[in-house]
Structure formats: C-alpha cells, structure tokens
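Take a look at the structure below.
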Amino acid sequence: MQKTFRHTGLILCVLGLFLIAGCGKSKTTAQLPPLTMGVAMFTQPTNTGELLAGYIPSDQFRVSPETLDTLNADFEKLLLTETKRIYLRGAAARQCFEITTAQRSEDPVNALQFWNQVGLCMKVDVLIIPQVIDWTPRQGGEMGAFQSAGVNMDFYALRVSANEPSLSRFHFEETQESLSANLLNIDKWFQRKGKWITAEQLAEEGMRQAITELGL
Numbered sequence: 001m002q003k004t005f006r007h008t009g010l011i012l013c014v015l016g017l018f019l020i021a022g023c024g025k026s027k028t029t030a031q032l033p034p035l036t037m038g039v040a041m042f043t044q045p046t047n048t049g050e051l052l053a054g055y056i057p058s059d060q061f062r063v064s065p066e067t068l069d070t071l072n073a074d075f076e077k078l079l080l081t082e083t084k085r086i087y088l089r090g091a092a093a094r095q096c097f098e099i100t101t102a103q104r105s106e107d108p109v110n111a112l113q114f115w116n117q118v119g120l121c122m123k124v125d126v127l128i129i130p131q132v133i134d135w136t137p138r139q140g141g142e143m144g145a146f147q148s149a150g151v152n153m154d155f156y157a158l159r160v161s162a163n164e165p166s167l168s169r170f171h172f173e174e175t176q177e178s179l180s181a182n183l184l185n186i187d188k189w190f191q192r193k194g195k196w197i198t199a200e201q202l203a204e205e206g207m208r209q210a211i212t213e214l215g216l
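Residues 1 to 216 in the UniProt record's numbering are what the sequence shown spells out, letter by letter.
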C-alpha cells in the first residue's frame, strides 16, 4: 500500500515538472502587420464642402501653388527624417487626388468620403491629410516686421476603410507675437533667436508638433 502511494506521488511530481516546464514557455504572439502609410498633398479648402472640420475665415488668404509645393517638400522631409515609417507620397498621391476629384464631379461626396476614396486609391491603411486653412505672410524682415507671420493649419490621420473610416485631428493656429505683447512666449522667442520668422518657418513648427501629436 505504501509502495502504491510512493509510486503515485512520484508520477504526480513528474507530471508537475512537465506542467511547470510547459507553463514556463511563453506563447509566441502574432506580430501585427505594419501599417501602410500615405501622405496627401497640402491643399487649401475654400468652401465648407472641402472641410473636414472647423470653418473658413471670411477674409481667407489664398495660398499660392508654389507655397503649397514648398510645404509639401518640407513636410515630406520631416516625415522621412523624424519618423521611422515609410510613406507613399508624391506622384501616387497626386494621381489618386486627381482621379478622385474627377469622380467627385460626377458623384458628389463629402470631404471625409472624398479623402477616404483617395486613401483607397492609394491602397494605404492610414492617410495623412495636411490642410492650410489661412495664411498670413510676414511683411518686413527678420529683425523687424510690419506684419508678423500667421498660420492656421489642420493635420489629419485618416484610418482608411471601405466601411467605417475614422479620423484624428491636430489643429495648429499661431500668429507670432512680440515678446512685449506676450511674455508667456519667452521660450519660443529665444528658440527663434529673437527673430521674426516667415509663415513657412512657422508652418514647419506646426508640422513638427503634428508629427508628435498624431504619433507618427
């Protein structure tokens, strides 16, 4: 009888060791596939039908195509140097924008549906959509400006989906102020070395913040 108990106890101990060894092995978790990222060209909504959020100022300054090209180049450079992602951009973004614009004239859609269709055309999981709402060029030089630069921009991260697209937004709006007008901006004033910066430089600050806030 005692031998039976001893044998049973030994078997249980051996089984216990196997169970412990089995539990000690961590299960291999499936890695999520990397998201395919796309970057749309900078655009400037000029009517409410083109807005994803917010409103258009009544005295909106129209940004030139050359300025939009500069913003595109600056934003793409920052995305490439300050993030670890690969972005589909440039010609692919332009082509899909033009295709979707042509389709929109025949079958009107709202702004969210429009950009989602652009993302589907580009075959990306997430589409970054930068928009200039308003723009105030600096008048004067960096040591003294008659009119300081101002920028009003939106950056969106659109989760592209054939069924339920979703949107995250970062809004950047700033007009450079003198140190005497607002002492709370003393850090920015020193970062800018006491100079009056251009609207393009101010926009670059907004781009950097957007990259951080949207988790790019």
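Heads up, the beta-carbon is just placed ideally off N, CA and C, and yes, glycines get one too.
Just so we're clear, the structure is a prediction, and the values are computed from it rather than from any experiment.
Test item: CB-CB of residue 124 and residue 206 under 8 Å: As a first step, residue 124 is located in the sequence shown; it is residue number 124 there, counting from the start. As a first step, residue 206 is located in the sequence shown; it is residue number 206 there, counting from the start. No; because the gap between Cβ atoms is not below 8 Å, this pair is not in contact.
Within the stretch 116-143, ranges of the alpha helix (DSSP H) (whole runs, at least 4 residues): none
Alpha-carbon to alpha-carbon, residue 95 and residue 167: Looking up residue 167 in the sequence shown gives position 167. Looking up residue 95 in the sequence shown gives position 95. When the Cα atoms are used, residue 167 and residue 95 turn out to be separated by approximately 22 Å.
Terminal residues of the beta strand (DSSP E) in which residue 170 lies: The count along the sequence shown starts at 1 and reaches residue 170 at position 170. Unbroken beta strand (DSSP E) run through residue 170: 166-175.
CA-to-CA distance, residue 199 to residue 139, given in whole angstroms: In the sequence shown, the residue the question calls residue 139 occupies position 139. In the sequence shown, the residue the question calls residue 199 occupies position 199. Computed Cα separation, rounded: 10 Å.
Exposure of residue 99, with buried meaning 16 or more beta-carbon neighbours within 10 Å: Locating residue 99 in the sequence shown gives position 99, counting from the first residue. When all chains shown are included, residue 99 counts as exposed.
Test item: CB-CB of residue 158 and residue 127 under 8 Å: Mapped onto the sequence shown, residue 158 falls at position 158. Mapped onto the sequence shown, residue 127 falls at position 127. It is a contact, given that the beta carbons lie within the stated cut-off.
Nearest candidate by alpha-carbon position, reference residue 149, set 110, 135, 194: Position 149 of the sequence shown, counted from the start, is the residue given in the question as residue 149. Out of 110, 135, 194, 135 has the C-alpha closest to the C-alpha of residue 149.
Residue 149, DSSP secondary structure in three states: Residue mapping note: residue 149 aligns to position 149 of the sequence shown, counting from 1. If DSSP states are grouped into helix, strand and coil, residue 149 belongs with coil.
Residue 71 versus 187, 40, 115, 145, residue with shortest Cα-Cα distance: Position 71 of the sequence shown, counted from the start, is the residue given in the question as residue 71. For the residues 187, 40, 115, 145, the minimum Cα distance to residue 71 belongs to 40.
When 107, 120, 82, 196 are compared against residue 225, the one with the closest alpha-carbon: Because the chain spans 1 through 216 in this model, residue 225 falls outside it and cannot be assessed.
CB-CB length for residue 51 against residue 45, believed under 8 Å: Sequence index remark: in the sequence shown, residue 51 carries index 51 (1-based). Sequence index remark: in the sequence shown, residue 45 carries index 45 (1-based). 5 Å between Cβ atoms; contact.
Delimiting residues of the beta strand (DSSP E) encompassing residue 37: In the sequence shown, counting from the first residue as 1, residue 37 sits at position 37. In the DSSP assignment, residue 37 falls within the beta strand (DSSP E) that extends over 37-39.
Range covered by the alpha helix (DSSP H) that runs through residue 95: As a first step, residue 95 must be located in the sequence shown, where it is residue number 95. Residue 95 -> alpha helix (DSSP H) spans 91-106.
DSSP bridge partner residues for residue 73 (one or two, in chain order): The residue given as residue 73 occupies position 73 in the sequence shown. Residue pairing by DSSP places residue 73 opposite no residue, since no beta bridge is assigned to it.
Of the listed residues 118, 88, 117, nearest to residue 35 (C-alpha basis): The residue labelled residue 35 in the question sits at position 35 within the sequence shown. Of the listed residues, the one whose Cα sits closest to residue 35 is 88.
Residue 212, enclosing alpha helix (DSSP H) - first and last residue: By 1-based counting over the sequence shown, the position of residue 212 is 212. Run containing residue 212: 199-213, per the alpha helix (DSSP H) assignment.
Residues that DSSP places opposite residue 111 in a beta bridge: To locate residue 111, count along the sequence shown from 1; it is residue 111. Beta-bridge analysis with DSSP links residue 111 to no other residue.
Where residue 154 sits in the DSSP three-state scheme: Indexing the sequence shown from 1 puts residue 154 at position 154. Correct three-state label for residue 154: strand.
Length of the line joining the Cα atoms of residue 29 and residue 163: On the sequence shown, residue 29 is found 29 positions in, with the first residue counted as 1. On the sequence shown, residue 163 is found 163 positions in, with the first residue counted as 1. Confidence in residue 29 is poor, its pLDDT being 42 and thus under 50, which makes the residue's placement too unreliable to answer from.
Cα-Cα separation between residue 169 and residue 118, rounded to whole angstroms: Within the sequence shown, residue 169 is the residue found at index 169, counting from 1. Within the sequence shown, residue 118 is the residue found at index 118, counting from 1. When the Cα atoms are used, residue 169 and residue 118 turn out to be separated by approximately 18 Å.
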